[in-house]
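Chains as they are written, first to last, in our numbering: chain A, 129 to 467; chain B, 27 to 459.
All C-beta atoms in this analysis are idealised placements derived from N, C-alpha and C, irrespective of residue type, glycine included.
Read through the structure below, which is laid out as structure tokens, and then see the notes.
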């Protein structure tokens with residue numbers, strides 16, 4: 129059953145990174161568009177994402193609930209030491225949710241839309257930035273456990289762990305990944321040649337930035353001897369995953385050119401799957417790296433009786449939710465495989 | 027402000043807001059699908075308009091609830107890491123099921139909001155029903171988790187170690203049913219009176235009367251029936267608390283001394299220093315009867331509990347008085363509405379609509395007061411007689427700043443939502459005029 133639980137943990141992480149990422153990415157692309165195109169992008173994003181908007185953001189709740197039930201010790205370190213970036217991320221998510229409600233449910237469409245858009249874009253940057261920072265904090269090797277040293281200052285315990293170059297780089301990487309996902313999703317929705325070219329351009333920029341930041345992170349980590357990066361490079365599964373994700377870019381571009389949007393979307397999804405897998409595999413199961421030691425997610429895993437029940441609950445929940453979600457996407461043509 | 031106080035206040039404020047969003051998200055879908063059903067049956071344009079107006083309300087509250095729910099699911103860990111470390115696995119069952127129910131709700135909402143003219147009519151309507159049912163399920167499951175804090179079960183606790191964990195037994199703890207029943211009814215009372223009140227006000231002002239009267243009728247019938255059932259559920263809850271959490275009972279009745287044939291105090295001013303209640307109305311032996319079904323039963327007073335295990339008295343007593351007082355009033359008003367169905371002339375008076383306008387906020391005030399009774403009445407425990415709240419709080423100092431951030435966030439959220447709803451109603455009325 130532990131495998132089932134770990135699978136769902138990974139699965140909800142992947143779907144959150146992908147689907148919420150596509151959503152954040154919409155806001156990011158809006159930010160980097162000319163005013164004329166902003167409105168168009170906004171409409172398109174809403175048309176595509178609208179029906180599943182609510183569902184996208186529930187994956188993080190599922191993720192967090194699995195963590196606290198199944199891996200309480202791990203969750204404990206996570207919420208104690210990364211309290212500040214988690215709060216900042218929540219702030220980003222809230223700002224975004226607020227702006228979303230405003231943009232779509234304000235009965236009066238007036239000048240105030242401008243400020244809603246600004247808030248939306250701000251939230252779209254802040255949320256993925258801090259999500260990345262949190263992940264960077266977990267694996268960056270900068271967390272100082274106060275149980276090991278009682279003389280640590282507030283800054284050493286609660287700030288140094290995540291406020292550093294490596295974490296911020298990971299945050300920027302996730303922003304680029306979001307833009308990459310969204311632009312690839314949008315390509316399939318372009319109505320005319322102009323729009324298509326616009327999204328293509330966005331897609332190529334974000335791909336270049338993504339690859340570039342990825343390389344910067346590897347180089348920075350390698351030269352600063354960050355354990356996670358070194359293990360990432362030395363772990364053959366991670367490197368294979370990254371290599372494949374590089375190769376997959378080629379068919380992805382081909383499909384985009386051929387306007388096969390279903391395939392383009394699947395390949396973009398595969399990209400994300402590979403990136404997330406590479407990051408997870410690099411150090412599994414030691415997914416917290418502090419300044420002194422590595423902590424396995426499996427340390428202090430919940431007792432068997434809990435894992436059993438959780439696994440069954442997830443299987444039943446999955447059996448209800450996933451077909452429902454699939455039909456929702458199909459009904460509103462988010463999945464156009466059978467067209 | 028001390029860390030513990032700041033953390034408790036932050037949790038309280040977050041929950042006070044979240045409960046409102048969540049209850050509206052739970053109950054409004056039912057109003058919506060009834061109006062939708064009437065539209066399908068009668069094909070009167072006005073029901074379609076009402077359904078769509080309520081649908082926007084449901085969507086706004088769902089998104090708000092989802093955002094604040096996301097924050098809450100992290101906050102539990104951020105503020106109470108020690109609690110979550112031990113309790114997380116034990117009460118995981120209702121939370122994971124709640125996650126699933128919430129997800130089903132989100133999927134159904136996706137179908138419903140975007141399904142107009144795209145889905146078969148009956149299926150489309152049915153997705154609306156699913157929103158309501160899964161919403162209520164979510165609510166019941168979350169309350170079951172809270173029930174466990176009041177009535178912990180499904181584990182063995184020895185020397186600070188939790189073992190023999192049985193998540194199913196923990197979910198089906200002794201308090202889950204009474205609490206869930208009381209809360210579900212409360213959600214219908216509060217939201218029903220609030221929605222009915224808003225529409226009653228529009229009728230009172232003479233704006234778009236036909237539509238608002240129809241809306242009022244749908245909402246008030248739920249509210250009236252639930253309000254009449256609520257005292258029965260309240261009685262079950264009181265007997266439950268009397269048996270399981272005598273200190274809470276003593277606090278909510280502000281009884282310091284143990285006595286047989288204890289009187290019921292109505293109102294009164296509590297002096298915690300002097301341990302006395304002045305200016306109260308006393309009904310002899312009533313408390314013993316209400317709590318134990320026996321006029322001479324012994325009710326334990328607060329002084330029988332160690333000082334460090336006594337909950338704050340004044341706030342719990344006042345909150346309880348407010349809850350019961352409003353609950354009684356709303357039951358009477360609910361009955362009054364049901365009678366007005368027979369004596370239809372009553373509804374022609376403007377004062378009729380003014381009365382229901384004034385009732386609008388009361389249900390929510392009672393609901394919040396009820397949660398204050400449950401939560402503050404359980405103090406100093408976070409898990410009743412197992413873990414104290416002060417031992418669960420985060421070691422990170424400076425929670426005061428977090429308190430300010432979250433409070434600000436929720437105030438903005440509430441202002442925004444209220445403002446948007448006001449704009450919705452304004453536009454709805456304009457289109458008609």
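query                                                                                                                                      : result
Within chain B, the residues that residue 431 of chain A reaches when beta carbons sit closer than 8 Å                                     : 115, 189, 191
Limits of the beta strand (DSSP E) - the one that residue 294 of chain B falls within                                                      : 290-297
6 Å Cβ shell around residue 449 of chain A - same chain, five flanking residues per side excluded                                          : none
Proximity of residue 370 of chain A and residue 398 of chain A at Cβ, strictly below 9 Å                                                   : no
Cut-off 8 Å between Cβ atoms - residues of its own chain near residue 133 of chain A, not counting five sequence neighbours on either side : 194, 198, 435, 438, 439, 442
Member of A/366, A/364, A/374, A/297 whose CA lies at the smallest distance from the CA of residue 341 of chain A                          : A/297
Top-ranked residue by Cα proximity to residue 186 of chain A, from B/82, B/88, B/443                                                       : B/88
Chain-ordered chain A contacts of residue 146 of chain B [CB-CB under 8 Å]                                                                 : Going along chain A, no residue has its Cβ under 8 Å from residue 146 of chain B, so there is no contact; the nearest lies around 11 Å.
Straight-line Cα distance separating residue 317 of chain B from residue 326 of chain B                                                    : 11 Å
CB contact flag (residue 451 of chain A, residue 139 of chain B, <9 Å)                                                                     : no
Near-chain A residues of the segment 248-281 of chain B - C-beta to any C-beta below 9 Å                                                   : none
Test item: CB-CB of residue 174 of chain B and residue 142 of chain B under 9 Å                                                            : no
Beta-carbon separation (whole angstroms), residue 260 of chain A vs residue 355 of chain A, contact threshold 8 Å                          : 18 Å between Cβ atoms; not a contact.
Minimum length 3: unbroken beta strand (DSSP E) runs contained in the segment 186-246 of chain A                                           : none
Residue 207 of chain B vs residue 262 of chain B beta-carbon contact at 9 Å                                                                : yes
For residue 142 of chain B, the first and last residue of its enclosing beta strand (DSSP E)                                               : Counting along the chain, residue 142 of chain B falls outside any beta strand (DSSP E), and DSSP gives it neither H nor E.
Residues near residue 350 of chain A by beta carbon distance below 8 Å, same chain, minus five either side                                 : 357, 358, 361
Per-residue contacts from residue 312 of chain A into chain B (C-beta, under 9 Å)                                                          : The premise fails here: residue 312 of chain A is roughly 22 Å from chain B at the closest Cβ pair, so nothing lies under 9 Å.
Cβ contact (3+ pairs, closer than 8 Å) linking the segment 218-227 of chain B and the segment 365-383 of chain B                           : yes
C-beta contact flag for residue 444 of chain A and residue 392 of chain A at 9 Å                                                           : no
Closer than 9 Å to chain A by CB, residue 90 of chain B                                                                                    : yes
Separation of residue 205 of chain A from residue 343 of chain B, as counted between CA atoms                                              : 38 Å
Runs of alpha helix (DSSP H) lying entirely within the segment 314-379 of chain A, each at least 4 residues, in chain order                : 321-351, 355-362
Beta-carbon neighbours of residue 136 of chain B, restricted to chain A and to distances below 7 Å                                         : 179, 180, 182, 183, 456
CA nearest to the CA of residue 427 of chain A, picked from A/418, A/414, A/433                                                            : A/414
Proximity winner among B/429, B/106, B/256, B/277, relative to residue 350 of chain B (alpha-carbon distances)                             : B/256
Bounding residues of the alpha helix (DSSP H) (the contiguous stretch that carries residue 227 of chain B)                                 : 202-230
Reference residue 274 of chain A; option with closest CA among A/389, A/285, A/214                                                         : A/285
9 Å Cβ cutoff met for residue 225 of chain A and residue 258 of chain A                                                                    : no
Selected residue, minimal CA-CA separation from residue 215 of chain B, among B/246, B/180, B/295                                          : B/246
Neighbour-count burial assignment, residue 464 of chain A, 16 or more Cβ in a 10 Å radius                                                  : Since pLDDT at residue 464 of chain A reaches only 44, below the 50 mark, its modelled position is unreliable, and no value is offered.
Against chain A: residues of the segment 398-424 of chain B by CB proximity under 9 Å                                                      : 420, 421, 422, 423, 424
Residues of the segment 188-202 of chain A whose Cβ lies closer than 8 Å to any Cβ of chain B, in chain order                              : 188, 189, 190, 192, 193, 194, 196, 197, 198, 200, 201
Backbone CA spacing between residue 385 of chain A and residue 323 of chain A [nearest angstrom]                                           : 14 Å
Segment limits, beta strand (DSSP E) that includes residue 415 of chain B                                                                  : It is not in any beta strand (DSSP E) - residue 415 of chain B carries neither H nor E in the DSSP assignment.
Per-residue DSSP class, three states only, for residue 70 of chain B                                                                       : coil
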